[in-house]
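Q: My questions will all concern the structure given below.
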Amino acid sequence: MHYLRSIRRTHLANLILALSCGSAIAADSLVPTIQVTAEPLPEMGERQVAESEIERFQAASSDSASLLRGIPGVTLQTGGGVSALPGIRGLADDRLRIKVDGMDLISACGNHMNPPLSYIDPSNVETIQVFAGIAPVSLGGDSIGGTITVESPAPKFAKAGETLHEGELGLFYRSNGNERGGNLELTLANGTASLSYRGATVSADNYHAGEDFKPVGPAAAGRGWLDGDEVGSSMYESNNHALSLALRNENHLLELKAGVQDIPYQGWVNQRMDMTGNDSTQLNLSYQGNFGWGDLSARAYSERTRHAMQFYDDKLFWYGPNMSAPATDGIPHDPVAGMNGYAAGMPMDTEGDNRGFTLRGDLALDARNLLRVGGEMQRYRLDDWWEPSGKGMWPNTFWNIRDGQRDRLALFGEWEAEWSPRWQTQLGLRHETVEMDAGEVQGYNTMSAEYAAESAAFNAADRGRTDHNLDVTALARFTPSEDYSIEFGLARKNRSPNLYERYTWSTGGMAMRMINLAGDGNGYVGNLDLEPETAHTLSAAFEWRGGDRWQVRLAPYFTQVDDYIDARRCESANTNCGPMNQTAQDAYVYLQFVNQDARLYGFDLSASYALASDSEYGDFTLSGLINQVRGENRTTGDDLYNIMPLNGKIALEHELGGWSNTLELELVDDKTDTSAVRNEMETAGYGLVHWRGSYEWDQIRIDFGVENLLDRFYNHPLGGAYMGQGKTMSGTGVAWGVPVPGKGRSIYAAVNMNF
């Protein structure tokens, strides 16, 4: 670590006084144009995604989560075309803290169709930092599984007295799913001001598996035709635009970013509904400065999301006597027709309002000690409502969550010390208050005893909740030589439930099937009595190096989670939660979120070896990784859901001049440890071969390759249940036992030109 040696401890009081004017702090690092006075201690499990990997994977996928697939311990859960959910060591979704340009984004959807990484296109990603397991308290909070930070390119400035004007244009095509799109970047800057625009667009049809996995035929009554290998509801379109204005003066930088996203449709292969609209606007104002006492950073952001779900092209739209055509006059106009006639799909709307403010100061106390203090504040509001469309959905608007509130206020302190060139430590303490509430709800009608009784009980209950969460981390690194190092640590982390886990209220079959954060085809209902999850993690990392020739890193870990939010078969007077639901094994079931205890343990192993360097044929490097994690419910003895089986990768990389080639073998074991309470499906093991290449000269870069080179059929262990077509809203409308198949062979090419 490199600290300013002239800083005195008396400056601590000045920093605390400066911070007292603000109410929150985040972990935003200074951009390269500003002098950094202190480097954070690299954490156990911390990984930077290499720039070469980001460029390589940008050409192969339009899902920013895919940029993480080379990181040990990281997995991806299937979602929409641009909305996969990353997991770290068996913990995913809201159990991770994911920051995009310093903003804590929240998924505003009962199926989590708009996760944080869906709001940034891969072409707009410059750096990715992953903290697996134990994240520092300055980057953690309201999460137990780790932290992922994604940053877009830092602003560029010209030399004094000069003007900078540059840009980049990119185009790509991928054969499987007919994916096509492009991106554009424009920058105009002088020595003190920088204006930039970044835009990206992509659209795709349904993709195809390696072989037929279902009968050939119509997707649904009145819908189009699907081949046996065509994966229904995997089409999508996404458009992103970002404008940035930055000003700098000596050691100070002020930047304002404005972003707009438009997703007109995104089919969802493992959910009963599809996304038929996602519009988001973001404002992100940040300040970074270097003073005599240290560094100060601040950020204020606002993000509004308007999200809609319906049945898209491959799922049955009209529900009624015929199931293939609307009633004579279209949508019913009276309660009788609404209860007994047709239903025009099932419109579902969500609106989220997310605002935050952060402030952080880094003070180098002396040459050995760094103190990092700060806090953050987040205000979140959510409405989730379903307009009546006929049949049983009439005549009222169904309020799933009304006036939902989830507010966070956090303060933290972090002390890093370099005791000697061999020993470094980090101690962190964070307190976070999470306040949640929701307004009164109603069902589609009062003729349903279930809707009337359950909404009345919910409305009469005390719905306000306040959680006081305390995070503690203790980390150390011992480096006895240049060839060997050990990192180890302990942590206590907390996560409060999200609004859907706490406040969804109806055990009606249709309503429960709309609440699914897991992609397993089951239905869920919330629980007002949920407690925050508390995770105790012990992890270590052993690294051996042979100069620049080879490197091996082994990272074992163990996490015990008290009050883990899992699920149990629901119990109520509703027939959906009756005896058959308790015993069903080969069917979709109805569940309620509950607190139970869990443990997760495993290891990540990664290695690389330089086979040849600076030879006449170029550089050759062999690399690989192995991931193993087990997840167990200690309360029931069941296996945890969506745990990746033993898996690994072996890659041979070659570089010669402007040429780069990678041949990769991906291996995944059988998945036999499954969640019985969810009737999770087993999947067979498989091996995939990928080839990726690129060539650069002057201002042009060409990427090309083949994913799944041998066109192997496989079911991804984290793909969930196939809900891509048919009568998906019926409890028996889609057959249980069909996992989501992976993508067959896809040939791709991309070209990027700088000007």
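1046 is the number of the first residue of the sequence shown in our numbering; add one for each residue after it. Where a beta carbon is used, it is the ideal one built from N, C-alpha and C, also for glycine. No experiment lies behind these values; they were computed from the predicted model shown.
(1) What ranges does the beta strand (DSSP E) occupy inside the segment 1714–1751, keeping only unbroken runs of at least 3 residues that lie completely in it?
(2) Which residue or residues does DSSP assign as beta-bridge partners of A1287?
(3) What is the DSSP secondary structure of F1665, reduced to helix, strand or coil?
(4) With a Cβ-Cβ cutoff of 9 Å, do S1097 and E1224 count as a contact?
(5) What's the C-alpha gap between S1331 and G1693?
(6) With a CB to CB cut of under 6 Å and the five nearest residues on each side skipped, what residues in its chain are close to G1564?
(7) Measure the C-alpha to C-alpha separation of S1289 and S1239 and round it to an integer number of angstroms.
(8) In terms of alpha-carbon separation, which member of D1664, L1341, T1192 lies closest to L1408?
(9) For N1626, which residues of its own chain have a beta-carbon under 8 Å away from its beta-carbon, when the five flanking residues on both sides are left out?
(10) To the nearest angstrom, report how far apart V1119 and I1133 are at their CA atoms.
(11) Residues in the same chain with beta-carbon distance under 8 Å from L1809, minus the five sequence neighbours each way, listed in chain order, please.
(12) Short check: CB of D1166 to CB of R1268, under 9 Å?
(13) Would you tell me roughly how many angstroms separate the C-alpha atoms of E1171 and D1324, rounded to the nearest one?
(14) D1307 to L1141, Cα distance in whole Å?
(15) Name the two residues that bound the continuous beta strand (DSSP E) containing A1794.
(16) Figure out for me which residue from A1389, W1460, Y1310 has the closest Cα to the Cα of W1439.
(17) Report, in whole angstroms, the separation of the C-beta atoms of T1604 and L1562, which I expect to be a contact under 8 Å.
(18) Near F1809, what residues of its chain come up, given a Cβ to Cβ distance below 8 Å and the 5 sequence neighbours on each side ignored?
(19) Would you decide whether M1384 is buried or exposed? Buried here means 16 or more other CB atoms lie within 10 Å of its CB.
(20) Name the DSSP beta bridge partners of Y1635, please?
(21) I need the straight-line Cα distance from V1674 to R1594, nearest angstrom please.
(22) Is it true that the CB of R1114 sits closer than 9 Å to the CB of I1792?
(23) From what residue to what residue does the beta strand (DSSP E) around G1126 run?
(24) Kindly give me the distance between the Cβ atoms of E1711 and G1732, rounded to whole angstroms, as I take these residues to be in contact under 8 Å.
(25) Run the CB neighbour count on S1526, radius 10 Å, all protein chains shown included, and call it buried at 16 or more, exposed below.
(26) Are L1573 and Y1548 closer than 9 Å when you measure CB to CB?
(27) Please confirm if the segment 1454–1461 is in contact with the segment 1482–1497, defined as three or more CB-CB distances below 8 Å between the two stretches.
(28) Runs of 3 residues minimum, wholly inside the segment 1482–1560: which ones carry the beta strand (DSSP E) assignment?
(29) Rounded to whole angstroms, what's the CA-CA distance from D1607 to G1663? Just pull it up for me.
(30) Restricting to Cα atoms, I'd like to know which of R1508, H1735, R1092 is closest to L1708.
(31) So, using beta-carbon positions, are V1685 and G1135 closer together than 9 Å?
(32) Can you tell me whether R1140 is helix, strand or coil according to DSSP?
(33) Rounded to the nearest angstrom, what separates W1460 and L1416 at their Cα positions?
(34) To the nearest angstrom, report how far apart I1376 and F1443 are at their CA atoms.
(35) Kindly indicate the opening and closing residues of the beta strand (DSSP E) around R1590.
(36) Could you give the distance in angstroms between the alpha-carbon of Y1164 and the alpha-carbon of S1465?
A: With the structure as the only source:
(1) If we require 3 residues or more, the beta strand (DSSP E) runs fully inside the segment 1714–1751 come out as 1731–1742.
(2) What you label residue 1287 is simply residue 242 of the sequence shown in a count that begins at 1. A1287 is bridged to R1243, G1304.
(3) Start at 1 with the first residue of the sequence shown, and residue 1665 comes out as number 620. Assignment of F1665 by DSSP, reduced to helix, strand and coil, places it in the strand class.
(4) By 1-based counting over the sequence shown, the position of residue 1097 is 52. By 1-based counting over the sequence shown, the position of residue 1224 is 179. Their beta carbons are not under 9 Å apart, which means S1097 does not touch E1224 by this criterion.
(5) Your numbering for residue 1331 matches position 286 in the sequence shown. Your numbering for residue 1693 matches position 648 in the sequence shown. So the two alpha carbons sit approximately 40 Å from each other.
(6) On the sequence shown, residue 1564 is found 519 positions in, with the first residue counted as 1. So the list reads N1315, G1765, once near-sequence residues are dropped.
(7) Taking the first residue of the sequence shown as 1, we reach residue 1289 at position 244. Taking the first residue of the sequence shown as 1, we reach residue 1239 at position 194. Roughly 8 Å between the two C-alpha positions.
(8) Counted from its first residue, the sequence shown places residue 1408 at position 363. It is L1341 whose Cα lies nearest to the Cα of L1408.
(9) As a position in the sequence shown, residue 1626 is number 581, starting the count at 1. Cβ-Cβ distances below 8 Å link N1626 to R1614, C1615, V1634, Y1635 in the same chain, with the five nearest sequence neighbours on each side left out; the list follows chain order.
(10) Here residue 1119 corresponds to residue number 74 of the sequence shown, with the count starting at 1. Here residue 1133 corresponds to residue number 88 of the sequence shown, with the count starting at 1. Straight-line Cα distance between these residues: approximately 5 Å.
(11) Given a span of 1046 to 1800 for the chain in the structure shown, any question on residue 1809 remains unanswerable.
(12) Working through the sequence shown from its first residue, we reach residue 1166 at position 121. Working through the sequence shown from its first residue, we reach residue 1268 at position 223. Going by C-beta atoms, D1166 is not nearer than 9 Å to R1268.
(13) Taking the sequence shown and counting its residues from 1, the one referred to as residue 1171 is at position 126. Taking the sequence shown and counting its residues from 1, the one referred to as residue 1324 is at position 279. So the two alpha carbons sit approximately 24 Å from each other.
(14) By one-based count along the sequence shown, residue 1307 stands at place 262. By one-based count along the sequence shown, residue 1141 stands at place 96. One C-alpha to the other measures close to 25 Å.
(15) For this step, residue 1794 is matched to residue 749 along the sequence shown. Residues 1791–1799.
(16) Here residue 1439 refers to the residue found at position 394 when the sequence shown is read from its first residue. The residue with the shortest Cα to Cα distance from W1439 is A1389.
(17) One-based indexing of the sequence shown puts residue 1604 at position 559. One-based indexing of the sequence shown puts residue 1562 at position 517. Actually they do not touch by this definition, with Cβ atoms about 20 Å apart.
(18) No answer is possible for residue 1809: the residues shown for the chain start at 1046 and end at 1800.
(19) Within the sequence shown, residue 1384 is the residue found at index 339, counting from 1. Note that M1384 has pLDDT 47, beneath the 50 cutoff, so the model's placement of it is unreliable and the number below is only indicative. Label assigned to M1384: buried.
(20) Position 590 of the sequence shown holds residue 1635. Partner(s): G1568.
(21) Residue mapping note: residue 1674 aligns to position 629 of the sequence shown, counting from 1. Residue mapping note: residue 1594 aligns to position 549 of the sequence shown, counting from 1. Each residue's Cα considered, the two are about 29 Å apart.
(22) Against the sequence shown, residue 1792 aligns to sequence position 747. Against the sequence shown, residue 1114 aligns to sequence position 69. No, Cβ-Cβ distance for I1792 and R1114 is not below 9 Å.
(23) Along the sequence shown, one-based indexing puts residue 1126 at 81. G1126 -> no beta strand (DSSP E), and no H or E assigned at all.
(24) What you label residue 1711 is simply residue 666 of the sequence shown in a count that begins at 1. What you label residue 1732 is simply residue 687 of the sequence shown in a count that begins at 1. With a Cβ gap of about 7 Å, E1711 and G1732 count as contacting.
(25) The residue labelled residue 1526 in the question sits at position 481 within the sequence shown. S1526 should be labelled exposed.
(26) Taking the first residue of the sequence shown as position 1, residue 1573 is located at position 528. Taking the first residue of the sequence shown as position 1, residue 1548 is located at position 503. Contact flag set, yes.
(27) Note that the segment 1454–1461 does not touch the segment 1482–1497; fewer than 3 beta-carbon pairs, one per stretch, sit closer than 8 Å.
(28) Taking only runs of at least 3 residues, the beta strand (DSSP E) segments lying wholly in the segment 1482–1560 are 1510–1526, 1529–1540.
(29) Within the sequence shown, numbered from 1, the residue matching residue 1607 stands at position 562. Within the sequence shown, numbered from 1, the residue matching residue 1663 stands at position 618. D1607 and G1663: Cα-Cα distance of roughly 52 Å.
(30) Numbered from 1 along the sequence shown, position 663 holds the residue referred to as residue 1708. Of the candidates R1508, H1735, R1092, the one whose C-alpha sits nearest the C-alpha of L1708 is H1735.
(31) To locate residue 1685, count along the sequence shown from 1; it is residue 640. To locate residue 1135, count along the sequence shown from 1; it is residue 90. This sequence places Leu at residue 1685; Val is not what is there. Against a cut-off of 9 Å, the Cβ pair of G1135 and L1685 comes out as a contact.
(32) What you label residue 1140 is simply residue 95 of the sequence shown in a count that begins at 1. Helix, per DSSP.
(33) What you label residue 1460 is simply residue 415 of the sequence shown in a count that begins at 1. What you label residue 1416 is simply residue 371 of the sequence shown in a count that begins at 1. Their backbone Cα atoms lie some 5 Å apart in a straight line.
(34) To locate residue 1376, count along the sequence shown from 1; it is residue 331. To locate residue 1443, count along the sequence shown from 1; it is residue 398. Only weak support exists for where I1376 lies, its pLDDT of 45 falling under 50; the coordinates are left without a value.
(35) Taking the sequence shown and counting its residues from 1, one reaches residue 1590 at position 545. Looking at the DSSP string, the run of the beta strand (DSSP E) that includes R1590 is 1578–1591.
(36) As a first step, residue 1164 must be located in the sequence shown, where it is residue number 119. As a first step, residue 1465 must be located in the sequence shown, where it is residue number 420. Each residue's alpha carbon lies about 43 Å from the other.
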